[in-house]
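Novice: Count the sequence shown with numbering that gives the first Met the number 0 and you get residues 0 to 184, in order. I have a structure I would like to understand better, so I am pasting it below and will then ask my questions one at a time.
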Amino acid sequence: MIQTRVRLWNIDEYHRMLETGIIAADERVELIEGQVIPMSAKNPPHAATTLCASDYLKRLLAEVALVRVQDPIQLSQYSEPEPDIAVVRIDARKYIDRHPAPHEIFLLIEVADTTLETDRKQKAPLYAKAGITDYCILDVNQRQVYVFRQPDIEAYNLEFIFQEDATVSLIAFPEIEIQIGKLFP
């Protein structure tokens, strides 16, 4: 078998592709480990769950963190994903000159109606490698939450599944309980 070298894109090159129109402004893509990856369409259950969860988290974390919805984060020179929800450190200028970096991220959430395996097998290792301490997947179909913790260089060492009637606390804010049922419409 012939091996082909793959040319990876860095964040500066990715941004230039967007600025020059190589990637259309309305094209739904993200930079993952140097590759420009198409993002899945947002079906109504996905959109409704993202809205419901982000509204709930904004109320719950109003004084302690910012809740960003489908905005980029910068994990490395080669990765700028757009998680459905990112709970990040409060920044007075709202990250006007940069995207949040791993040390500013308290929690990342992906909403999965058709992307559960991708979110578990592609996004979880990416976020673990970046040192994101709290990562969740909201499974729209089963109305349950996958919680990933204790990242190392390849994966998360802990994975829990919480049902709709459970509560969970964030590592960064252990005193704040999140009611799983309130994350879903």
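Glycine included, C-beta positions come from ideal geometry on N, C-alpha and C.
1. Between which residues of its own chain and PRO184 is the CB-CB distance below 7 Å, once the five residues before and five after are set aside?
2. Candidates LYS57, ILE131, GLU18 and VAL35: which alpha carbon is nearest ASN156's?
3. Output the distance between the C-alpha atoms of GLU81 and ASP70, rounded to the nearest integer angstrom.
4. In the DSSP assignment, find the alpha helix (DSSP H) that holds PRO99 and state where it starts and stops.
5. Residues in the same chain with beta-carbon distance under 7 Å from SER39, minus the five sequence neighbours each way, listed in chain order, please.
6. Apart from the five residues just before and just after ILE170, which ones in its own chain have a Cβ nearer than 6 Å to its Cβ?
7. Applying the criterion that 16 or more other CB atoms from any shown protein chain within 10 Å of the CB defines a buried residue, is ARG108 buried or exposed?
8. Could you please give the first and the last residue of the uninterrupted beta strand (DSSP E) stretch that includes LEU74?
9. List the whole-angstrom C-beta distance separating ALA129 from SER75, where the pair is believed to meet the contact cut-off of C-beta under 8 Å.
10. In three-state DSSP terms, what is GLU158?
11. Using the Cα positions of PHE159 and GLU62, report the straight-line distance between them to the nearest angstrom.
12. Just mark ARG67 as buried or exposed, buried being the case when its beta carbon has 16 or more other beta carbons within 10 Å.
13. Can you tell me whether DSSP reads ASP151 as helix, strand or coil?
14. GLU103 and ARG88 look like a contact to me (Cβ under 8 Å); what is the Cβ gap, rounded to whole Å?
15. If contacts are defined as beta-carbon pairs under 8 Å, then VAL146 and PHE161 qualify, I think. What distance do you get, rounded to the angstrom?
16. Which of the three DSSP states is assigned to LEU182 in this structure?
17. Rounded to whole angstroms, what's the CA-CA distance from ILE95 to ARG15? Just pull it up for me.
18. Can you look up ALA127 in the DSSP assignment and give me helix, strand or coil?
19. Could you give the DSSP three-state label for TYR145: helix, strand or coil?
Specialist: For this structure:
1. ALA47, THR48 and CYS51
2. ILE131
3. 5 Å
4. Looking at the DSSP string, PRO99 is not in any alpha helix (DSSP H), and its letter there is neither H nor E.
5. THR113 and THR114
6. THR132 and ASP133
7. A small fix is needed here, since residue 108 is Ile in this sequence, not Arg. With 16 or more other Cβ atoms within 10 Å, it is buried.
8. First-last for LEU74: undefined, no H or E at that position.
9. 7 Å
10. strand
11. 27 Å
12. buried
13. coil
14. 4 Å
15. 6 Å
16. helix
17. 18 Å
18. helix
19. strand
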